[in-house]
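Peer 1:
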Amino acid sequence: RYWDKWDRVSKEQIEEIAKRFFEKLWTKYSKGIECVLFDTTNYFTYMSSKTSSKLAVRGYNKSSKHHLRQVGLGLLVDRESSLPLYCTIYLGNLHDSKLLHRIIDEIFGAIMGFAKPNKELTVVFDKGMNSKDNIGFIDKRREIHFITTYSTYFAEELASIDPKHFVILDIAKNQKLRATGKADDQIRAFRTTFTLWGKERTVVVTFNPATMRKKLYEFTRKMDQLRSLLLELRRKYRKGEYKSKTRIISRYRKLCESLHISDRYYKLSFENGSMSFRKNTSEIRSARALMGKNIIVTDNDHWTTEEIVVTSLNRSLIEQQFRVSKSHCHVSVNPMYHWTDSKIRCHMLTCVIALSCLRLLELKIGNNLGSKKIIEEMQNLDSVLIWYEDSKKPQIQIEEPNEIQTAILAALGYQVKNGSVLQL
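Note that the sequence shown covers residues 1079 to 1502 in my numbering.
(1) Restricting to Cα atoms, I'd like to know which of Ile-1431, Glu-1481, Trp-1465 is closest to Glu-1093.
(2) Please name the residue or residues paired with Asp-1156 in a DSSP beta bridge.
(3) Can you tell me whether DSSP reads Asn-1252 as helix, strand or coil?
(4) For the ligand GTP, any of its heavy atoms closer than 7 angstroms to the Cβ of Phe-1122?
(5) Of the residues Met-1353, Asn-1445, Ala-1288, Lys-1300, which one's Cα is nearest the Cα of Arg-1313?
(6) Got a sec, what are the start and stop residues for the alpha helix (DSSP H) Arg-1291 sits in?
(7) Which residues in the same chain as Leu-1178 place their Cβ atom closer than 6 angstroms to its Cβ, once the five residues preceding and following it in sequence are excluded?
(8) Whether or not the segment 1278-1287 and the segment 1363-1378 are in contact is what I'm after, with contact meaning three or more pairs of Cβ atoms, one per stretch, closer than 8 angstroms; do they touch?
(9) What does a CB cutoff of less than 6 angstroms around Lys-1205 pick up in its chain, not counting 5 residues either side in sequence?
(10) Which two residues bound the contiguous beta strand (DSSP E) that contains His-1425?
(11) Going by other Cβ atoms of all chains shown within 10 Å of its Cβ, with 16 needed for buried, is His-1416 buried or exposed?
(12) What residue ranges within the segment 1180-1226 form continuous beta strand (DSSP E) runs of no fewer than 3 residues, ordered along the chain?
(13) Would you kindly report the start and end of the unbroken alpha helix (DSSP H) that includes Ile-1239?
(14) Beta-carbon within less than 7 angstroms of Cys-1424's beta-carbon, same chain only, minus the 5 sequence neighbours each way: which residues are those?
(15) Between which two residues does the alpha helix (DSSP H) containing Glu-1385 stretch?
(16) Return the CA-CA distance between Glu-1454 and Ile-1486, expressed in angstroms with no decimal places.
(17) In the DSSP assignment, the beta strand (DSSP E) including Gln-1264 goes from what residue to what residue?
(18) Going by the beta-carbon positions, is the gap between Ile-1249 and Ile-1265 smaller than 8 angstroms?
(19) How should Ile-1474 be labelled, buried or exposed, when 16 other C-beta atoms within 10 angstroms of its C-beta is the threshold for buried?
(20) By DSSP, does Val-1282 sit in helix, in strand, or in coil?
Next comes the structure, spelled out in structure tokens:
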């Protein structure tokens, strides 16, 4: 049976297949590597709790399906081409920083295997993978550099810097904003140095006005919800419906937890049989100061501020790959029709290979056409069977392609002429 054959493929064999695939991919298409991006995601399953599996376990799910068992995927891609260099399939409850610590040797082994000798490389990852051990490992490799982000809550003295000290960056995103009349939304940055993980690092604090407005709107909405609840609790406390202070505080904290907001933004007090509450202006001011801010840390001290910021923003390239893997078009890890670890590994590797093929298709076609658009256009290129009166067999006639379809066919080395597909 087909699935029995998948059971014969071991974890080690899956890793070897992946390694050989990426080696062949890069032998044929590589133009040299200067910067790589590493990120992780997870995929939920509807697997029963009683089903035996070491891979599929419950944990923090990035699609908010925390009650379901999940499997993790780590992906390393080249920034220039977005082609994969390495992938790992791991336990769904493993924290990103612990995962990176486990596989960091494998990652850098893959990087150095594809890179040119004596060539400096930069690896980009997000703040979830930060740890002293991981950064320390990179520090020991003189040819490897890093760009990562850092939580604003752990460096409030940096994140609370007034935006008036920030400078507008000369990057493509800001140029586009100016061209569309949104100059006020341009990304700004403040560059300094700061001691992190035992060494002085180059730190860039960015400020995005558009993100700040969105965060402030969401924050205000949540604060209004908290106020409505507190007004209701105060009314019930005065009427004697709620006599327990502990119960009131518990309900308030539960709502804060469900809204993902701190319970320190309102101060509750109970005196002489009455309940009152007021805003904690100091905490609110501190929270607002962090909105729209992002902290980037690197050891590429000689890079310009623009280079550091743009490279950090390039993390969206790998996030786009993950979005494709979770969409319902062409490549989709879910639904996962497997419940044994061996088959799950096989399934996820085939999905990564399919993602790579889609990216190769995009690079081949060019013209900034996404794989979804390319495939949809070619699916819409219709053909008909024509049976002429004196013919023994029908002939296939392809309709006249539109401009996009013609460009796609030409990039692949074909053309449609007189209803037939011909090689150029």
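All residues carry an ideal CB built from backbone N, CA and C; glycine is no exception.
Peer 2: Reading it off the structure:
(1) For the purposes of this step, residue 1093 is taken as the residue at position 15 of the sequence shown. The shortest Cα separation from Glu-1093 among Ile-1431, Glu-1481, Trp-1465 belongs to Ile-1431.
(2) For the purposes of this step, residue 1156 is identified with residue 78 of the sequence shown, where counting begins at 1. BP columns for Asp-1156 point to Val-1114.
(3) Counting from one through the sequence shown, the residue named residue 1252 turns up at place 174. If DSSP states are grouped into helix, strand and coil, Asn-1252 belongs with the helices.
(4) Absence of the ligand GTP is noted for the structure shown, with no ligands found whatsoever.
(5) Translated into the one-based positions of the sequence shown, residue 1313 becomes position 235. Looking at the Cα atoms, Met-1353 is the closest of the given residues.
(6) Start at 1 with the first residue of the sequence shown, and residue 1291 comes out as number 213. Run containing Arg-1291: 1287-1317, per the alpha helix (DSSP H) assignment.
(7) Here residue 1178 refers to the residue found at position 100 when the sequence shown is read from its first residue. Result list for Leu-1178: Met-1207, Asn-1212, in chain order.
(8) yes
(9) As a working mapping, residue 1205 is identified with position 127 in the sequence shown. Setting aside the 5 residues that flank it on each side, Lys-1205 is surrounded in the same chain by Thr-1227, Tyr-1228, Ser-1229, each with a C-beta closer than 6 angstroms to its C-beta; the list follows chain order.
(10) For this step, residue 1425 is matched to residue 347 along the sequence shown. Premise fails: His-1425 lies in the alpha helix (DSSP H), 1419-1443, not in any beta strand (DSSP E).
(11) The residue you call residue 1416 lines up with position 338 of the sequence shown. A residue is called buried once 16 or more other Cβ atoms fall within 10 Å of its Cβ, and His-1416 is buried on that count.
(12) If you keep only unbroken beta strand (DSSP E) runs of at least 3 residues inside the segment 1180-1226, you get 1199-1202.
(13) The residue given as residue 1239 occupies position 161 in the sequence shown. According to the DSSP assignment, Ile-1239 belongs to no alpha helix (DSSP H), since it is labelled neither H nor E.
(14) For the purposes of this step, residue 1424 is taken as residue 346 along the sequence shown, with counting starting at 1. Apart from the 5 residues on each side of it in sequence, Cys-1424 sits with its Cβ closer than 7 angstroms to the Cβ of Trp-1084, Val-1087, Ile-1092 in its chain, given in chain order.
(15) On the sequence shown, residue 1385 is found 307 positions in, with the first residue counted as 1. Residues 1383-1391.
(16) Locating residue 1454 in the sequence shown gives position 376, counting from the first residue. Locating residue 1486 in the sequence shown gives position 408, counting from the first residue. Approximately 12 angstroms, taken between the alpha carbons.
(17) Taking the sequence shown and counting its residues from 1, one reaches residue 1264 at position 186. Here Gln-1264 belongs to no beta strand (DSSP E), and DSSP marks it neither H nor E.
(18) Locating residue 1249 in the sequence shown gives position 171, where the first residue counts as 1. Locating residue 1265 in the sequence shown gives position 187, where the first residue counts as 1. A contact, by the Cβ cut-off of 8 angstroms.
(19) The residue you call residue 1474 lines up with position 396 of the sequence shown. That one is exposed.
(20) Here the question's residue 1282 lines up with position 204 in the sequence shown. In the structure shown, Val-1282 sits in a strand (DSSP, three-state: E or B).
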